[in-house]
Structures are given as structure tokens and as C-alpha cells.
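In what follows, a structure is listed as C-alpha cells, so that the remarks can point back to it.
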Amino acid sequence: MRPEWQEALKHAQRALQAKDFRSARRWAERAAALAPDEEMPWLVLAALASPRASLEYLKRALEINPSSPEARAGMRWAIRRWRRSQPRPIRRPARPVAPTRVSPEALTRRRSAAFPWAMSLVFLALLAFLWFSTPEFSLASERANLPALAQAQVE
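Position one of the sequence shown corresponds to residue 22 (our numbering), numbered consecutively onward.
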């Protein structure tokens, strides 16, 4: 006669084959509770559980029997399953940064050349004002005093 945990495990396997997952889980949990040091109930629970819980059940099975090929294969399966269940980060393409938006009219509009010419005339007028208003730079002041200079040199 089989121990009770093996009977519970057999019921779990039959329910799993019949695709009655709720019943299979209940029988597998009973088998694991009756024989916590047996590997098979944990493997069945891993097959029925969520991806994260499968990892925990298989970890327990590997603690019981570290060299079990079924538990190792189950762990690889559970890791792949868990990775697929994780949300992937959304990678958005980098947008090129435009310095400013320029209207097409601004690119085709002809600018007047009057401003640079006006600025040049203002600069020349300022230069002329400084030249003639400052005595040490002005030739006009020397010409105005030319008779006085001529007499000073004669004497």
C-alpha cells in the first residue's frame, strides 16, 4: 500500500492530465504538506504555479535533491517563464533637438541693407565730432592759430 502523500500526488497528476488545475493544485499542496521532504510534490506545484511562485517551489525541490535533473530542467523553464512575464522597459527613440522653429518666410525674406549703412554713417559722424572737437587731435585748431604760431616762430 502507498503512503498517503503518494496517493495525493497520484490524484494531482490525474487532475493535471484532465486539465483540472484547481483540483491538481489542491492535491499537490496536500502531498507537499504530508511529505515536505519529497521532491515530486514541489515539482508538481511548480508546474501549476505563477512564474514567481514556480521559482520558489523549484528552489525547495533543489534543496531536497540538488542533483535532480527534473528540478534543474524545471528551474530553467521557470526562469525563462518568469523573464517573459516581466514587463519590458519601453525604449523610446531619442528625438533630435531642434534649436528653434524658423518660419519659411524668415528664411526667404530679404533683409534691408540700410541698417548697416546707417550705423556706419553714425560711427563716422561720431569720429568726425571727436576729431574736430578735441584740440589735441584736431588739425583745424592748429590752422586757426596759424598766424599766432608764425609770429611765435619769428620772434
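Don't be surprised by glycine CBs; every beta carbon is placed ideally from N, CA and C. Since the structure is predicted, the reported quantities are computational estimates derived from the model, not experimental observations.
Taking only the alpha-carbon atoms, compute the straight-line gap between residue i and residue j and give it to the nearest angstrom.
i	j	result
ARG46	ARG116	50 Å
GLU28	LYS80	24 Å
GLU25	ARG102	32 Å
ALA146	PHE136	15 Å
LYS40	ARG112	39 Å
PHE42	LEU69	7 Å
GLN38	MET96	21 Å
THR129	SER141	26 Å
SER44	LEU55	17 Å
PRO87	ASP58	13 Å
LEU148	ALA139	14 Å
PRO62	PRO108	30 Å
PHE150	PHE144	10 Å
ILE85	PRO114	48 Å
LYS131	PRO120	Per the sequence shown, residue 131 should be read as Arg rather than Lys. Computed Cα separation, rounded: 22 Å.
Do residue j and residue i count as a contact pair if the criterion is CB distance below 8 Å?
i	j	result
ALA53	LEU64	no
GLU60	ALA82	yes
Check residue i in the structure and name its three-state DSSP category.
i	result
LYS31	helix
SER133	coil
ILE85	helix
ARG112	coil
ALA39	coil
ARG46	helix
MET22	Here the model assigns MET22 a pLDDT of 45, short of 50, so the residue's position is not dependable, and the following value carries that caveat. Looking at MET22 - three-state DSSP - the assignment turns out to be coil, as it is neither helix nor strand.
PRO117	coil
VAL143	helix
Report all residues from its chain with a CB closer than 7 Å to the CB of residue i; omit the five preceding and five following residues, and keep chain order.
i	result
ALA99	ALA67, PRO72, SER75, LEU76, LEU79
SER106	PRO72
Can you list, in chain order, the residues of its chain whose CB lies under 6 Å from that of residue i, leaving out five sequence neighbours each side?
i	result
MET22	Any reading at MET22 needs caution, since the residue's pLDDT is 45, under 50, leaving its predicted position unreliable; the model's value is listed next. Excluding sequence neighbours, MET22 sits near nothing in its chain.
ALA134	none
Keeping to the same chain, check which residues put their C-beta closer than 8 Å to that of residue i; ignore five residues upstream and five downstream.
i	result
TRP189	Residue coverage of the chain in this structure runs from 22 to 176, which leaves residue 189 outside it and unanswerable.
Got a sec: is the Cβ-Cβ distance from residue i to anything in chain D below 8 Å?
i	result
ARG105	Although the question refers to chain D, the structure presented lacks it and comprises just one protein chain.
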